[in-house]
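A.B. asks:
Residue numbers (the working numbering): 543 to 815.
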């Protein structure tokens with residue numbers, strides 16, 4: 543279960559998190575779903591107190607204080623976001639970063655914004671989510687065989703994290719890959735998500751040369767993983783129809799099949815919240 547939100551003033555006084563190591567302990571391949579869930583929960587506790595990037599800390603907390611009018615009555619999360627999904631995931635989706643008034647408000651990745659609506663509707667159509675919407679941390683959403691995370695864990699100004707901020711978060715992604723030891727397929731949303739996945743895999747000893755180039759529908763075998771690319775479901779892409787529902791569904795359908803998941807299943811099993 544996701545930790546309870548703190549008011550922005552409390553988040554500003556949180557202690558700095560220990561920087562994640564490149565090769566953390568993780569459950570072996572015989573570990574139970576319970577062991578993975580415990581490891582993910584422990585990682586989440588580290589993620590949500592991270593204050594390593596001053597620019598991101600300042601922006602996420604300013605946004606949580608200076609709310610837009612439509613959310614003026616809500617208490618924003620205002621902290622970094624852990625990933626979300628099934629501890630037995632065979633498919634991992636890597637996005638860019640939380641939205642300032644989406645995940646930074648609700649406390650769950652791809653939740654409370656139009657990008658999340660677009661993504662989870664597609665996951666529902668391919669049978670990996672039990673519902674097509676993602677409104678809040680307690681809305682009942684469950685993922686089956688799938689885990690959603692991001693390259694950067696804090697909402698960045700103008701939705702543009704820096705390479706330094708990406709690298710600061712990279713060990714968190716590496717630890718998720720290590721814990722989710724059943725996963726064999728990764729979908730990188732946008733060039734940033736694709737690049738972060740490649741960097742995390744390389745840090746874990748699974749590099750490939752020449753380096754695969756990003757593109758919508760691109761595929762690359764990287765160590766023991768199949769990496770797939772999709773345009774990010776940002777409003778810039780979806781409103782202009784650079785990315786359509788059918789295009790995203792095609793990539794997720796390919797990922798679902800490659801991961802050995804049954805696309806016909808329409809109800810998600812137990813997953814992390």
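All C-beta atoms in this analysis are idealised placements derived from N, C-alpha and C, irrespective of residue type, glycine included.
#1: Could you pull out every residue in the same chain whose Cβ sits closer than 8 Å to the Cβ of residue 677, ignoring the five residues on either side in sequence?
#2: Using CA coordinates, which residue listed in 607, 669, 621 is at the minimum distance from residue 615?
#3: Could you please give me the residues that DSSP links to residue 762 through a beta bridge?
#4: Evaluate contact between the region 707-722 and the region 660-675, counting only Cβ atoms and requiring at least three cross-stretch pairs below 8 Å.
#5: Quick one: is residue 729 buried, meaning 16 or more other Cβ sit within 10 Å of its Cβ, or exposed?
#6: According to the neighbour-count rule (16 or more other Cβ atoms, all chains shown, within 10 Å of its Cβ), is residue 763 buried or exposed?
#7: Taking the alpha carbon of residue 603 as the point to measure from, which residue in 613, 631, 642 has its own alpha carbon closest?
#8: Mind checking who residue 635 pairs with in its DSSP beta bridge?
#9: I'd like to know whether the C-beta atoms of residue 690 and residue 634 end up nearer to each other than 9 Å.
#10: Restricting to Cα atoms, I'd like to know which of 599, 586, 796, 585 is closest to residue 697.
#11: What are the boundary residues of the alpha helix (DSSP H) that residue 605 is part of?
#12: Please classify residue 517 as buried or exposed, where buried requires at least 16 other C-beta atoms within 10 Å of its C-beta.
#13: By alpha-carbon positions, which one of 601, 777, 743 ends up nearest to residue 768?
#14: Would residue 610 be called buried (16 or more neighbouring beta carbons within 10 Å of its own) or exposed?
#15: Checking 9 Å against the spacing of the C-beta atoms, do residue 754 and residue 660 come in under that value?
#16: Alpha carbon to alpha carbon, what distance is there between residue 746 and residue 717?
#17: Taking DSSP as the reference, what is the three-state secondary structure of residue 683?
#18: DSSP beta-bridge partners for residue 626?
#19: Contact check, residue 592 vs residue 622 under 8 Å by CB: the rounded distance?
#20: When burial is assigned at 16 or more other CB atoms within 10 Å of the CB, is residue 781 buried or exposed?
#21: For the alpha helix (DSSP H) holding residue 614, just list the boundary residues, first then last.
#22: Alpha carbons only, please: which of 778, 795, 601, 628 is nearest the one belonging to residue 576?
#23: So, with DSSP's three-state summary, where would you put residue 671?
C.D. replies: In terms of the structure at hand:
#1: Translated into positions along the chain shown, residue 677 becomes position 135. Once the five neighbours on either side are set aside, the close Cβ partners of residue 677 are 648, 653, 654.
#2: Within the chain shown, the letter at position 73 stands for residue 615. That would be 607, whose Cα lies nearest to the Cα of residue 615.
#3: What you label residue 762 is simply residue 220 of the chain shown in a count that begins at 1. DSSP, once it has assigned bridges, lists 769 as partnering residue 762.
#4: no
#5: Numbered from its first residue, the chain shown carries residue 729 at position 187. Buried.
#6: Within the chain shown, numbered from 1, the residue matching residue 763 stands at position 221. Classification of residue 763: exposed, given that the 10 Å Cβ count is below 16.
#7: Taking the chain shown and counting its residues from 1, one reaches residue 603 at position 61. With distances taken between Cα atoms, residue 603 lies closest to 642.
#8: To locate residue 635, count along the chain shown from 1; it is residue 93. According to DSSP, residue 635 bridges with 690, 729.
#9: Position 148 of the chain shown, counted from the start, is the residue given in the question as residue 690. Position 92 of the chain shown, counted from the start, is the residue given in the question as residue 634. Contact flag set, yes.
#10: Within the chain shown, numbered from 1, the residue matching residue 697 stands at position 155. Checked all of 599, 586, 796, 585; the closest Cα to residue 697 is 599.
#11: Numbered from 1 along the chain shown, position 63 holds the residue referred to as residue 605. Looking at the DSSP string, the run of the alpha helix (DSSP H) that includes residue 605 is 596-607.
#12: Nothing can be reported for residue 517: it is not among the residues displayed for the chain, which extend from 543 to 815.
#13: Reading the chain shown from its first residue, position 226 is the one you call residue 768. Ranking 601, 777, 743 by Cα distance to residue 768 puts 743 first.
#14: Here residue 610 is taken as the residue at index 68 of the chain shown, counted from 1. Result: exposed.
#15: Taking the chain shown and counting its residues from 1, one reaches residue 754 at position 212. Taking the chain shown and counting its residues from 1, one reaches residue 660 at position 118. Cβ distance not < 9 Å, so residue 754 and residue 660 don't count as in contact.
#16: The residue you call residue 717 lines up with position 175 of the chain shown. The residue you call residue 746 lines up with position 204 of the chain shown. Rounded to whole angstroms, residue 717 to residue 746 spans 9 Å at the Cα level.
#17: Locating residue 683 in the chain shown gives position 141, where the first residue counts as 1. Correct three-state label for residue 683: coil.
#18: Sequence index remark: in the chain shown, residue 626 carries index 84 (1-based). 690, per the DSSP bridge assignment.
#19: Walking along the chain shown from the start, residue 592 turns up at place 50. Walking along the chain shown from the start, residue 622 turns up at place 80. With a Cβ gap of about 5 Å, residue 592 and residue 622 count as contacting.
#20: The residue labelled residue 781 in the question sits at position 239 within the chain shown. Residue 781 is exposed by the Cβ-count criterion.
#21: Position 72 of the chain shown, counting from 1, holds the residue named residue 614. That residue, residue 614, is in no alpha helix (DSSP H); it is neither H nor E in DSSP.
#22: Indexing the chain shown from 1 puts residue 576 at position 34. It is 628.
#23: Numbered from its first residue, the chain shown carries residue 671 at position 129. Correct three-state label for residue 671: strand.
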